[in-house]
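If you're matching positions, the sequence shown starts at 1 in the UniProt record's numbering and goes up one per residue.
Yeah, the Cβ is synthetic: ideal placement off N, Cα and C, and Gly gets one too.
All values derive from a computational prediction rather than experimental measurement.
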Amino acid sequence: MQSLRSNSVKVVEDKEDTSSASPKKVANDVEDIPSYETYKNSSSNKGKKKKNKSGKEVKEQHDHYALLGLGSLRYLATEDQIRKSYRDAALKHHPDKLAAALLLTEESEEAKEAKKEAIESHFKLIQEAYEVLMDKTKRRIFDSTDEFDDEVPSECAPKDFFKVFGPAFKRNARWSVNTRVPDLGDENTPVKEVDSYYNFWYAFKSWREFPEEEEHDLEEADSREEKRWMERENARKTQKARKEEYARIRTLVDNAYKKDPRIVKRKEEEKAKKQAKKDEKVMAKKKLEEEAAAAIEEEKRRKEEEAKLAAEAAQQQKKNKEKEKKLRMKLAKVLKNGNNDETESEEEEVVEAKQNGHVEANGFATQSPRAAAMV
């Protein structure tokens, strides 16, 4: 009781100190601090035993935020808000203040004693709530066990993307180590910012703890060796839970990236560009092939023309050689026989005349100029 009274004095002094300074405005979301009866009967009271995934009951835990009237703010409550709410709760529910009034309503000593114990117990819960919420490590553990929707959306219409995935990202942003979490934006957000957004979430680091996965209570260990074994087992369980948590976040980001209309639009544009380049290459290749085929055909025609001209020239050359040969033979005969053998010469002239077309159709030959001269 002495400790409770000393704490009351400390709270009052703190209250007087802050009243002299410029008071900070507390958010309107701060609720009225519940009485111990209201808190006890509240459906949001977490002072119940829960079970972890292995089925083992975990230590009883109370709703520290509700005890201080911060049930609507919860993890968003600032230290200043927690500090002010605690001062108000301590002044309102201090046993020295409530006991005198409430005990008068009870008739029996047993009822008075029970009421007194309830008042003191509720005040201790308020003190515990303040100690937990002002300790960063303890508050992190408590916030990690707070009610949370782990659901990950998978399908949605393109027009509903921001309505479906926006709240999911905001909900999970509470676990981010980096408090400067970017916004999902809208359909007009530049693609560069969209890429930065997904880069942030693909590299997401969570501070979420999983104390409910710690199957073994270290205080129950009978020896140092058993305690170390419990620590290893608890660490293994929590590490597994962390991996599952990162896999859950990764699934959320993957699903959003696939459905994001801005990403889908960019992929379609990139696909169209790639197809256009591919078609351009195909057309260029086809054009080269056609040009090559035309060049081959032209070369073939040229060679055929050259071959034809060469054949005609060879034929003409052959004819010229034959004609020249005949003339040489004729000249050789003339030189050999001289002019004495007139009969033979005339016969040759007749043969030559026939070849030159000087023989008439009726079979009578005209005399050559040489024969006429001799007559």
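Rounded straight-line distance, which links the Cα of residue j to that of residue i
i	j	result
Ala-114	Glu-79	34 Å
Ala-89	Phe-200	40 Å
Val-11	Tyr-65	Bear in mind that the predicted position of Val-11 carries a pLDDT of just 41, short of 50, making it too unreliable to give a figure here.
Phe-204	Asp-150	16 Å
Ser-108	Lys-116	12 Å
Glu-244	Glu-225	29 Å
Asn-7	Lys-227	Its pLDDT being 44, under 50, Asn-7 is placed unreliably by the model, and nothing is read from it.
Asn-337	Lys-321	24 Å
Phe-94	Ala-77	This sequence places His at residue 94; Phe is not what is there. Between His-94 and Ala-77, the C-alpha separation is close to 23 Å.
Tyr-75	Lys-97	30 Å
Ala-332	Lys-323	14 Å
Lys-84	Val-253	38 Å
Ala-272	Val-152	32 Å
Tyr-246	Thr-238	12 Å
Gly-69	Asp-183	30 Å
Arg-302	Gln-317	22 Å
Tyr-86	Phe-123	11 Å
Glu-298	Glu-270	42 Å
Gln-127	Leu-133	10 Å
Arg-262	Asp-195	10 Å
Ala-313	Glu-305	12 Å
Contact under 9 Å by Cβ, residue i with residue j
i	j	result
Ala-129	Leu-67	yes
Ser-121	Asn-255	no
Tyr-197	Gly-185	yes
Val-181	Ala-173	yes
Val-164	Ser-206	no
Lys-258	Pro-158	no
Phe-162	Glu-131	no
Leu-73	Gln-81	yes
His-216	Leu-125	no
N- and C-terminal bounds of the alpha helix (DSSP H) containing residue i
i	result
Asp-135	Run containing Asp-135: none; DSSP gives neither H nor E here.
Trp-207	Careful: Trp-207 lies outside any alpha helix (DSSP H) and carries neither H nor E.
Pro-261	261-337
His-62	Unbroken run through His-62: none, as it is neither H nor E.
His-94	Where His-94 is concerned, there is no enclosing alpha helix (DSSP H), given that its DSSP letter is neither H nor E.
**Item:** Three CB pairs or more closer than 8 Å across the stretch 199-213 and the stretch 144-152
**Value:** yes
**Asked** So, do the stretch 261-281 and the stretch 189-196 have three or more beta carbon pairs nearer to each other than 8 Å?
**Response** yes
**Request:** Take every Cβ of the stretch 281-297, pair it with every Cβ of the stretch 214-228, and state whether three or more of those distances are shorter than 8 Å.
**Result:** no
**Asked** Using 8 Å as the Cβ pair cut-off and three pairs as the minimum, do the stretch 272-291 and the stretch 232-241 touch?
**Response** no
**Request:** Could you tell me which uninterrupted alpha helix (DSSP H) segments, each at least 4 residues in length, are contained entirely in the stretch 143-175, listed from first to last along the chain?
**Result:** 161-172
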